[in-house]
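Numbering (our numbering), first residue to last: 7 to 435.
Virtual Cβ for every residue (Gly too), placed ideally from N, Cα, C.
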Amino acid sequence: MNFKFGNQDLVFGHLEFLLKLEEFRDLRENPKYPQVITPCINKTYTILFAMIDQYLSLHPNIRFFHIGHDEVYYFLTNPACEEFKRLTGILTHFDLFAYHLSIIANYIKGKSPNIILFAWHDVLQNLNLQILQKYNLINIINPVLWSYREDMSVEGFVIGPQADLFGQFKTLWGATAFKGARNEIATTSDVKRYYQNQISWIKQLDSYIPTKWKNFDGIILTGWSRYDHFLSLCELLPYSIPSMAFSIAAWQEQFKSLPNIDIFPNILHNYVQKQLECSSPLHLNVQDHTTKIIPKCKFPGASIYESMISLSQIWNQVQEAESFVDKYVTDLHIKYNYIHIKRGEECLQKLTPSIELLKKFISSFIESMNEVFPPQVAIEWLETYFMKRYRLVNERYEFIQSAVHEQKSWLPRPIPNIEKLEMNYKNKT
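Right under this line is the structure:
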């Protein structure tokens, strides 16, 4: 509240969380894919209106309501749509989308007349002015143009006829990104890339606000945690706080006027470092994690930021140890329990410090994550990005430990003494 922050949930963007459930299978626009809800069944609106009521009850004083409506790939494919088309006369994708959006928007406006309604641009841009006026969307919807590119000037809504179309709405907003828009499984942030996204928007708005987008009202700085409901966690918010700080700073007047030749001047570095109360310069990419000291910071979630930087350094140490172990303990040695005792002891000396660091990381990471997230989040992240490699390292370590103490005799060569390759071998131990 001290910073005048308000709650702004994205409520009806993707409905996989609802449509994946058996109870609501019949509401899928395409029965195979639980991404898009069908407007052709009355039950759809019973459910959506109940969700809207819950949301408005939970947040009675909100100014903005983002109803999403992006990435709609399926239209008029639900079996109920044949009867729907006969009764309504709606036969095209664009008419259907506008019809559905208007029902949702008008219901919310009926509950809260002064609320500002956002919707993403990517499907909206396909509607012509006639359809937008027919359903009064031009007056009740505020499009949000999203682009997370380093150069957003190539977007269709900039260089295409959509630029003029969006200038017709009552107000217009844009959306940039500070995390979660680089790669579906990216765990580290490229601060420069996201900062460049802000700079690109600033340059475009400088020329478009006085001309085509006089209705432009503001920017939404987004940070995504998944590309969609079914995909993995990507860049975590606590780790990405520095990226967010650089992205916010880009919009401040003292930095907007800086020449773009040096995109990261010292004055910007020093400002963000001071704001986040960090002991040393912040890292701008994963390469910095392995070559520079870890900043000690005081922003909320800083221990996660520091922990994830340390992991890059730990994996480097593991890789160095494994480059030695690889020479003496291969998959064949493990499969057939065959080891060089002296070399195995040397391998343990190399691996033991790394194993201890990895175990310490697991403990500290879970502790830090649990201060911010429910415990399932740390477990999901570790299972997705850490445990597979950790288990492989640890299994080899435990094999060497056991073998150097227990192996007293060895099989004669050839090993393996077989004449046909085992294609589907599974270790049953």
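Three-state class that DSSP yields for residue i in the structure shown
i      : result
GLY229 : strand
LEU338 : helix
LYS185 : strand
GLU373 : helix
ASN383 : Note on identity: in this sequence residue 383 is Val, with Asn being the wrong assignment. In the structure shown, VAL383 sits in a helix (DSSP, three-state: H, G or I).
ASN142 : coil
ALA111 : helix
PHE222 : strand
THR435 : In this prediction, THR435 has a pLDDT of 46, which is less than 50 and means its spatial position is unreliable; what the coordinates show is noted afterwards. Of the three classes helix, strand and coil, the one that applies to THR435 here is coil, per DSSP.
Sequence-distant residues of the same chain with beta carbon closer than 8 Å to residue i, five excluded per side
i      : result
SER285 : PRO301, LYS302, CYS303
LYS115 : ILE121, LEU123, ILE146
PRO287 : HIS275, GLN279, LYS298, PRO301
C-beta atoms of residue i and residue j nearer than 8 Å
i      : j      : result
LEU25  : PRO40  : yes
ILE320 : PHE367 : yes
ILE47  : LEU64  : no
LEU338 : ILE208 : no
ILE247 : TYR311 : yes
THR182 : TYR154 : yes
LEU97  : PHE81  : no
VAL378 : PRO167 : no
Residue interval of the alpha helix (DSSP H) (run including residue i)
i      : result
VAL164 : 162 to 165
GLY95  : It is not in any alpha helix (DSSP H) - GLY95 carries neither H nor E in the DSSP assignment.
ALA256 : 243 to 256
TRP321 : 308 to 331
THR50  : 48 to 64
ALA192 : No alpha helix (DSSP H) holds ALA192; DSSP gives it neither H nor E.
HIS295 : 292 to 297
GLN204 : 197 to 214
Given residue i as reference, the closest of the options once Cα atoms are compared
i      : options                        : result
ILE165 : GLN131, TRP179, LEU143         : GLN131
PHE371 : PRO418, TYR342, ALA308         : ALA308
VAL331 : ASN423, LYS348, GLN319, VAL383 : LYS348
LEU290 : ILE315, TYR105, TRP179         : ILE315
SER249 : LEU239, ASN203, HIS235, ASP223 : ASN203
ARG397 : ILE361, HIS411, GLN413         : ILE361
ARG395 : ARG419, GLN325, GLN355, TRP416 : GLN325
LEU242 : ILE254, HIS75, THR228          : THR228
GLN60  : GLY74, CYS240, LYS117, HIS75   : LYS117
CYS353 : GLY95, ASN84, ASN400           : ASN400
ILE144 : LEU237, MET393, ASN221         : ASN221
N- and C-terminal bounds of the beta strand (DSSP E) containing residue i
i      : result
ARG397 : Note, ARG397: premise wrong, no beta strand (DSSP E); alpha helix (DSSP H) at 393 to 412.
VAL42  : 39 to 43
HIS72  : 70 to 72
ASN36  : 34 to 36
ALA125 : 122 to 126
TRP152 : 148 to 152
Beta-carbon proximity list for residue i, same chain, < 7 Å, skipping 5 on both sides
i      : result
ALA251 : VAL278, GLN281, LEU282
ALA409 : ASN343, ILE345, GLY350
ARG188 : ASP196, ARG199
VAL292 : THR194, SER318
GLN14  : PHE70, HIS72
THR296 : SER318, GLN319, ASN322
ALA255 : PHE261, LEU274, TYR277, VAL278
Cut-off 6 Å between Cβ atoms - residues of its own chain near residue i, not counting five sequence neighbours on either side
i      : result
HIS106 : PRO45
Below-8 Å beta-carbon distance, residue i vs any chain D residue
i      : result
GLY162 : Absence of chain D from the displayed structure is noted, only one protein chain being present.
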